[in-house]
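Top to bottom, those sequences are chains A and B.
Going by the numbering used here, the letters in the first sequence line up with residues 1 to 113, in that order.
Going by the numbering used here, the letters in the second sequence line up with residues 1001 to 1613, in that order.
The beta-carbon is built from N, C-alpha and C at its ideal position, and this holds for glycine as well.
A quick note: this is a predicted structure, and the numbers were derived from the prediction, not measured.
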Amino acid sequence: MPTSVHQLDDGAWLSVNDAREVNVSDLWWLARQEFCSCAMADFLAEGFVEIGIDHPNVEGRIAGQCIECGESGVTDWLTLGRVVNPEAGRFFAVDPSSVHVPERRRRLASPPE
Amino acid sequence: MPSKVEGWKDEIYGTEIREHLYRFAEEGWSAIPEDEHDAWFERFKWWGLYHQRKGQESYFMMRIGTPNGRMTPQQLRVVGEIADEYARGPVENPEFGDAYCDWTTRQSIQLHWIQLQDIPDIFDKLEANDLSTIQACGDSWRNIVGSPVAGRDAKEHLNAWPVIKDLHDTFKGNDEYSNLPRKWKVAVTGDTRGSGQAEINDLGFEPAVKKIDTDEQSSSSDQNAKRSADGQKVKGFNVTVGGGLARKEPRFARDIDVFVTEDEVADVAGATSALFRDHGDREDRFSARIKFLIDEWGPEKFRRVLQQEYVDFELRTAGEDLRDQYTYNSGRSDEIGDYVGVHEQNDGNYFVGLSVLVGRMGAEDVIELADLADEYGSEMIGLTQRQNIIVADIADDDLDAFLDEDLLEYYQPDPHPFLRGSIACTGTEYCSLSIVETKNRMVRYARWLKDNVQLPDGIEDFHVHLSGCTASCAQPQIADISLRGMKTRKDGEPVEAFDIGLGGGLGENPQFADWVEMRVAADEVPGYIRNLLRIYDERAVRDEQRERDDGLGDRESFREFIARHDEDELTGLAEPEETSYEDPYLNNTKMTWYPYAEDDEMDASPAPSPADD
């Protein structure tokens, strides 16, 4: 079964297989990040901007701001969770309050036509 | 590549959604295929149904669009009855109980906890009373806003109600315009108050006058034409495009240098929305609003394309505007800019504007007010963009008795300014986007301020707009105190917070707020407002030109005081501070299934409701 992922309602949440899995308004700890000059960004997620899949990971770029320094913008790609067995379709979300490392990626979020 | 939402809209959208909605209502919640939830919930918006947030699955917010916020007392009663019967959730709200109506900043009505199986009955009842949820949400013509008392107001440029009614009748349920790239918000202002707030709408019609050659004004109404030496001075509207507040991208609507008469409004409005339909961005919903198209094109190109491709008569250049008369949400010291209080109508009767704190009114009170209005012979109820309610057509002889009614002790025509000026959006109670709790908190803020803060001499009107996120549904950028939901840490723990802005408002010279205090913990906001008002009290200057009876000049208004300072001076002007104010919602209300439930853990959610199957 293909995994369906997208953001909806102005980026309010990540949908995986038509279930609301990750919400805005959580604080994410971001390490080794270029979002701001803080050693660790204390990042408030305000909206999901882009969603992609790098099997088995579901990834996203999130708009928001570091509540430590106030820098605002959009993160590099973050792992939001995993669909380990696509047949079963069950999504395991990461814990936003643990530590995350955003990555730049060169491939497309969606395959070309 | 068109967005996923565009793909769903291509399959089914517009009026045809209704038959599917009825099928699901008949078959039950579980009849909606699980892998089609997102597509259907996106489509249901077109019929005014918005799936509530995580933890509240199977419950919907229902929005009823009332153009200009206008209803009859009978229609208001019907809305109250529907709320009483159907808008009851599993848990009461501690401030408002259960079963209530929300009056919104776009003069619509929102009900919560609506279940699928009840929708046909609700639609039957609404439509039997000429009310509807059609296009109340979704990508099309939304509720048209303007003065609720159009045709009655003594401060009127022209009666815009026939124009608005015509737009409503023409563009609701119209397949040509039912699938736009994004929402389409229209305001028509016919008064001299500026009450339509056209500046923050996708398409605005602002009151204007223009001299027109006799042979040129054949389509305009004679009653609004006044002969002068070199033509006739005609009343009409200037057209503005591309206003909006959302996503930290606020824009005032741009002047596209077009004047229209009343008779031309529908043609130009249709042409403008057709241009948006054809040229708006369908690939990226974040860039889809027309404000971004006009950013890209500029008003001159926009006008040129509109003229060449969409309008089959020669557009006139803009007329003379009436902005210097605007009072609505303007921060002027000489007149309070809202409809609250007793106002004489042009027929000698009165309309009475009642303050509804944060726009939420219990269903029983709604029914009682509808009956009162009927009893006093009122033929019109109005909702305002400041979330208040108006009862029109009260006869002079009845006015004292009406004002003495018990219900008006709570919904007051002369409320304390802290109650009168407070606006709040839906917040984490129901909304997926919001970062913080809003309505109950704003109620607590307003009451604390009223009980603990001496309002300085010179301030009779003070607007606090509290919005839970950057979507800006409470219009935070155009208030004296702008509050936008945020988070911060207190003793290492995450707490709900606000960015604070100052100096916003509309009127002759509209201004967006400067954001001057960031990430202020929610329990320190009332202390900040108190401290800021103390500073105003110490430093506000008097204007000797505006002399009062006591020989002193009138003080500058709060907005004038803020405007006198630049952003750097405003930052740190007052300090946030903990006070006796207590905030029960400091922790992450979004993590709960419902912030006020005794067991509020997400796992304790009763949703989806078993009653739906």
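**Message:** Give me the subset of the segment 1431 to 1443 of chain B whose CB atoms are less than 9 angstroms from a CB atom of chain A, sorted by chain position.
**Reply:** If the cut-off is 9 angstroms between Cβ atoms, the segment 1431 to 1443 of chain B has C1431, S1432, L1433, S1434, I1435, V1436 near chain A.
**Message:** Assess contact between the segment 1328 to 1348 of chain B and the segment 1149 to 1167 of chain B, defined as three or more Cβ pairs (one per stretch) separated by less than 8 angstroms. Is contact present?
**Reply:** Contact between the segment 1328 to 1348 of chain B and the segment 1149 to 1167 of chain B is present: 3 or more CB-CB pairs across the two stretches fall below 8 angstroms.
**Item:** Selection of the segment 1452 to 1479 of chain B by Cβ proximity to chain A, strictly under 8 angstroms
**Value:** Against chain A - using a Cβ distance shorter than 8 angstroms - the residues of the segment 1452 to 1479 of chain B are C1469, T1470, A1471.
**Asked** Got a sec: which bits of the segment 64 to 77 of chain A sit with their beta carbon under 9 angstroms from any beta carbon on chain B, in order along the chain?
**Response** Cβ contacts with chain B come from Q65, I67, E68, G70, S72.
**Request:** Kindly list the residues whose CB is nearer than 6 angstroms to the CB of Q1412(B), restricted to its own chain and excluding five residues on each side of it in sequence; keep chain order.
**Result:** The answer, listed in chain order, is S1355.
**Item:** Touch test, the segment 1359 to 1367 of chain B against the segment 1083 to 1099 of chain B, Cβ-Cβ under 8 angstroms, three pairs minimum
**Value:** Taking one beta carbon from each stretch, the segment 1359 to 1367 of chain B and the segment 1083 to 1099 of chain B have 3 or more pairs nearer than 8 angstroms; the two touch.
**Asked** Looking at the structure shown, is A1392(B) part of a helix, part of a strand, or coil, going by DSSP?
**Response** DSSP places A1392(B) in the strand class (E or B) of the three-state scheme.
**Asked** Is D1202(B) buried or exposed, if buried means 16 or more other CB atoms sit within 10 Å of its CB?
**Response** The residue is buried, with at least 16 neighbouring Cβ atoms inside 10 Å.
**Request:** Leaving out five residues on either side along the sequence, give the residues of the same chain with a beta carbon under 6 angstroms from the beta carbon of L1466(B).
**Result:** Exclusion of the five residues before and after L1466(B) leaves A1424, T1438, M1442, A1474, L1483 as the residues of its chain whose Cβ lies within less than 6 angstroms of its Cβ.
**Item:** Alpha-carbon spacing of G1231(B) relative to A1208(B), whole angstroms
**Value:** Here the alpha carbons of A1208(B) and G1231(B) stand approximately 16 angstroms from one another.
**Asked** By a C-beta neighbour count over all protein chains shown, 10 Å radius and 16 as the cutoff for buried, is Y1013(B) buried or exposed?
**Response** It is buried - the Cβ of Y1013(B) has at least 16 other Cβ atoms within 10 Å.
**Item:** Integer-rounded CB distance, given that R1254(B) should sit under 8 angstroms from I1294(B)
**Value:** Indeed, because the Cβ distance is near 5 angstroms, the residues count as touching under 8 angstroms.
**Asked** Grouping DSSP H, G and I as helix and E and B as strand, with all else coil, what is M1602(B)?
**Response** Here DSSP, grouped into helix, strand and coil, assigns M1602(B) to helix.
**Item:** Rounded C-alpha distance that separates G1504(B) from K1291(B)
**Value:** Straight across, the Cα-Cα distance linking G1504(B) with K1291(B) is about 19 angstroms.
**Request:** State yes or no: is the C-beta of I1389(B) within less than 8 angstroms of the C-beta of W1103(B)?
**Result:** Inclusion of I1389(B) and W1103(B) in the CB contact set at 8 angstroms is warranted, their separation being smaller than that value.
**Asked** Roughly how many angstroms lie between the CA atoms of K1185(B) and V84(A), to the nearest whole one?
**Response** Taking the straight line from one Cα to the other gives about 43 angstroms.
**Prompt:** In this structure, does DSSP put M1361(B) in helix, strand or coil?
**Reply:** DSSP, read as helix, strand or coil, puts M1361(B) in strand.
**Three-way DSSP call (helix, strand, coil) for S1218(B) in this model** = Caution is warranted here: a pLDDT of 47 is assigned to S1218(B), below 50, making its placement in the model unreliable, and the coordinate value is therefore given only provisionally. In the three-state reduction of the DSSP assignment, S1218(B) falls in the coil class.
**Request:** Quick one: grab the DSSP three-state call for R1289(B).
**Result:** In this structure, DSSP gives R1289(B) a state outside helix and strand, which the three-state scheme calls coil.
**Beta carbon of G11(A) nearer than 8 angstroms to that of F48(A)** = Judged by beta-carbon spacing, F48(A) lies within the 8 angstroms limit of G11(A), meaning their Cβ atoms are closer than that value.
**Prompt:** What do you get for M1602(B), buried or exposed, if any count of 16 or more other CB atoms within 10 angstroms of its CB means buried?
**Reply:** Burial state of M1602(B) is exposed, judged by a 10 Å Cβ sphere holding fewer than 16 other Cβ atoms.
**Message:** Rounding to the nearest angstrom, what Cα-Cα distance links R1282(B) and E1006(B) in this structure?
**Reply:** About 7 angstroms.
**Prompt:** Among R1043(B), A1099(B), C1431(B), I1109(B), which has the Cα closest to the Cα of G1069(B)?
**Reply:** Sorting R1043(B), A1099(B), C1431(B), I1109(B) by C-alpha distance to the C-alpha of G1069(B) places I1109(B) at the top.
**Request:** Flag L27(A) as yes if its beta-carbon sits less than 8 angstroms from any beta-carbon of chain B, otherwise no.
**Result:** The beta-carbon of L27(A) is placed less than 8 angstroms from the nearest beta-carbon of chain B.
**Request:** Taking C-beta pairs closer than 8 angstroms, name the residues in chain B that H6(A) reaches, listed in chain order.
**Result:** Simply K1004, D1038.
**Asked** Are the C-beta atoms of M1602(B) and some chain A residue less than 8 angstroms apart?
**Response** At a cut-off of 8 angstroms between beta carbons, M1602(B) makes no contact with chain A.
**Prompt:** Going by DSSP, which residues form a beta bridge with T1592(B)?
**Reply:** Partner(s): E1601(B).
**Prompt:** Shortest alpha-carbon distance to M1486(B) belongs to which of D1499(B), I1478(B), R1316(B)?
**Reply:** For M1486(B), the nearest C-alpha among the options comes from D1499(B).
**Prompt:** What's the call for A1521(B), buried or exposed, on a 16-neighbour Cβ count within 10 Å?
**Reply:** Counting Cβ neighbours within 10 Å, A1521(B) comes out buried, since at least 16 surround it.
**Message:** Judging by CA-CA distance, which residue of A1288(B), D1284(B), G1298(B), A1271(B) is the nearest neighbour of Q960(B)?
**Reply:** The structure shown does not extend to residue 960(B), since chain B is modelled only from 1001 to 1613, so the question has no answer here.
**Request:** Please go through the segment 1465 to 1497 of chain B and give each complete beta strand (DSSP E) segment of 3 or more residues, from N-terminal end onward.
**Result:** Every beta strand (DSSP E) stretch that sits fully inside the segment 1465 to 1497 of chain B and reaches 3 residues is listed by chain position as 1481 to 1490.
**Message:** Going by DSSP in three states, S1273(B) sits in which element: helix, strand or coil?
**Reply:** Of the three classes helix, strand and coil, the one that applies to S1273(B) here is helix, per DSSP.
**Request:** For chain A, find out if any of its Cβ atoms is closer than 8 angstroms to the Cβ of E1034(B); answer yes or no.
**Result:** It does; some Cβ of chain A falls within 8 angstroms.
**Item:** Enclosing alpha helix (DSSP H) for P1162(B) [first to last residue]
**Value:** It spans 1161 to 1171 - the alpha helix (DSSP H) in which P1162(B) sits, taken as one unbroken run.
**Prompt:** Between which two residues does the beta strand (DSSP E) containing I1144(B) stretch?
**Reply:** DSSP places I1144(B) in no beta strand (DSSP E); its state is neither H nor E.
**Prompt:** In chain order, what residues of the same chain have a beta carbon less than 6 angstroms from the beta carbon of T1170(B), not counting five sequence neighbours either side?
**Reply:** If the five residues before and after T1170(B) are omitted, its C-beta is found closer than 6 angstroms to the C-beta atoms of A1266, all from its own chain and listed in chain order.
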